[in-house]
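To start, the structure under review is shown below, and the notes come after it.
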Amino acid sequence: MAYENLKVSVKKGILILTINREKALNALNSKTMEELQHFFSVSAPRRKTIKGIVITGAGEKAFVAGADIKEFLALDEGKGAAMAKRGQNVFRLIETFNKPVIAAVNGFALGGGCELAMACHMRIAGEKAKFGQPEVNLGIIPGYGGTQRMIQLVGKGKAIELLTTGDMINAEEAHRLGLVNHVVPQGEEVKKASEIIEKIASKAPIAIAKVIECVDAYFNGVYDGFAVEVEEFGATSGTEDFKEGAAAFIERRKANFKGK
Ligand code: CAA
Numbered sequence: 000m001a002y003e004n005l006k007v008s009v010k011k012g013i014l015i016l017t018i019n020r021e022k023a024l025n026a027l028n029s030k031t032m033e034e035l036q037h038f039f040s041v042s043a044p045r046r047k048t049i050k051g052i053v054i055t056g057a058g059e060k061a062f063v064a065g066a067d068i069k070e071f072l073a074l075d076e077g078k079g080a081a082m083a084k085r086g087q088n089v090f091r092l093i094e095t096f097n098k099p100v101i102a103a104v105n106g107f108a109l110g111g112g113c114e115l116a117m118a119c120h121m122r123i124a125g126e127k128a129k130f131g132q133p134e135v136n137l138g139i140i141p142g143y144g145g146t147q148r149m150i151q152l153v154g155k156g157k158a159i160e161l162l163t164t165g166d167m168i169n170a171e172e173a174h175r176l177g178l179v180n181h182v183v184p185q186g187e188e189v190k191k192a193s194e195i196i197e198k199i200a201s202k203a204p205i206a207i208a209k210v211i212e213c214v215d216a217y218f219n220g221v222y223d224g225f226a227v228e229v230e231e232f233g234a235t236s237g238t239e240d241f242k243e244g245a246a247a248f249i250e251r252r253k254a255n256f257k258g259k
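In structure tokens:
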């Protein structure tokens, strides 16, 4: 599928996915959501050799300024619920992707943009980045998982404040709250995210996928995370990579992991 609003490039095995609607501050219209769904359900899983994915926004001003407000006038109760369900499903594909997905937040991350960043496994912010959930200004609430993931990242009290006031916070404040992992000089977000993915790529790929799965199990409300950890610890104990990792430690050499 040729994408209209996504730009895909691969640099040293790291896939850079750019939301590419600069004139609309990379707002997520339905076409972009359709493309994200295709990308994470069809295209990305086929790219077996990538080390991970960095998501960023085109231009210097915005990561993503939210869902596309220009499509909102057509919404009613049923269409709104369907839009939220679809958005949640798309972002869940990101959250459960078996390789690291890192948001490189280069500017405004508002509404659905903040939600997109929160669905990623980590967030790197440029020093001019701004975060917020301003939906209440429009008379709606976040619909792409924001009311839930904000609590997971910053805790209930601060989440309710951000979600009810619609206040925008800067990168430093987002870092202080635990919403972002690192703040870097403006323009270096993709570089920092790539460095983290490069480091993770030197570890055993199955172990990385299982860590993502176990951490997710804590939050998804369906599984007992401790039971998932027992199962996945067992699964990693049976891999060739585990034998290689343990042997490499004992032999004082660098492990050569194969993802088996
Ligand atoms: N949807 C559609 N278009 C948007 C947009 C959005 N979310 N955000 C910005 N744009 C467009 C503007 O309409 C404008 O386009 P035109 O030049 O064609 O008029 C262009 O991007 C530039 O924006 P501004 O002129 O507004 O730029 P600014 O520097 O003055 O302000 C901003 C920047 C503070 C980010 C402001 O654009 C803004 O507040 N945007 C909306 C943010 C928002 O409310 N997001 C939440 C959406 S709801 C949501 O996301 C629901 C959900 O959970 C799924």
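The opening position of the sequence shown corresponds to residue 0 in numbering that gives the first Met the number 0, with each subsequent residue numbered one higher.
Glycine included, each C-beta is placed from N, C-alpha and C at the ideal position.
Just so you know, these numbers come straight off a predicted model, no measurement behind them.
- Residue range 204 to 218 is occupied by the alpha helix (DSSP H) that includes F218.
- Within the same chain, T235 come within 6 Å of F241 by CB-CB distance, once the 5 residues on both sides are set aside.
- Scanning its chain for C-beta atoms nearer than 6 Å, with the 5 sequence neighbours on each side dropped, one finds around P99 the residues G51, H120, I196, I199, in chain order.
- The shortest C-alpha to C-alpha distance from T31 to any of E59, I49, L115 is the one to L115.
- The continuous alpha helix (DSSP H) containing M117 extends over residues 111 to 118.
- Distances from the CA of D67 to each of R148, H174, N25, M149 were compared; the closest alpha carbon is that of N25.
- Your pair G106 and G65 does not check out as a contact, with CB atoms roughly 12 Å apart and the cut at 8 Å.
- Collapsing the DSSP output to three states places K191 in a helix.
- Within the same chain, M82 come within 8 Å of L74 by CB-CB distance, once the 5 residues on both sides are set aside.
- At least one heavy atom of the ligand CAA is found less than 7 Å from the C-beta of G142.
- Three or more pairs of CB atoms, one per stretch, sit closer than 8 Å, so the stretch 182 to 189 contacts the stretch 125 to 134.
- Judged by DSSP in its simplified three-state form, T95 adopts coil rather than helix or strand.
- In the DSSP assignment, V153 falls within the unbroken alpha helix (DSSP H) covering 145 to 153.
- Cα atoms of M167 and E188: separation of roughly 20 Å, rounded to the nearest angstrom.
- In the three-state scheme derived from DSSP, where H, G and I count as helix and E and B as strand, A170 is classed as helix.
- The Cβ neighbour count for V41, taken over all protein chains shown within 10 Å, is under 16; the residue is labelled exposed.
- The Cβ-Cβ distance between S193 and V63 does not fall below 8 Å.
- Across the set N19, F232, R175, T163, the C-alpha of T163 shows the shortest separation from the C-alpha of N136.
- Within 10 angstroms of the beta-carbon of R122 lie 16 or more other beta-carbons, which makes it buried.
- Residue nearest to E34 within the set N4, K22, I15, I49 is N4 (criterion: CA-CA distance).
- In this structure, K30 has its CB at a distance of at least 7 Å from all heavy atoms of the ligand CAA.
- Boundaries for V41: no beta strand (DSSP E) harbours it, and the DSSP string shows neither H nor E there.
- DSSP assignment within the stretch 60 to 87 yields the following whole beta strand (DSSP E) runs of 3 residues or more, N-terminal first: 61 to 63.
- Judged by the Cβ position, I249 fails to qualify as a neighbour of the ligand CAA at the 7 Å threshold, every heavy atom of the ligand being at least this far.
- Relative to the ligand CAA, N136 has its C-beta within less than 7 Å of a heavy atom.
- Between the beta-carbon of G165 and that of P133 there is about 4 Å, and that keeps the pair under the 8 Å contact cut.
- With a contact defined as Cβ atoms closer than 8 Å, N97 and A208 qualify at about 4 Å.
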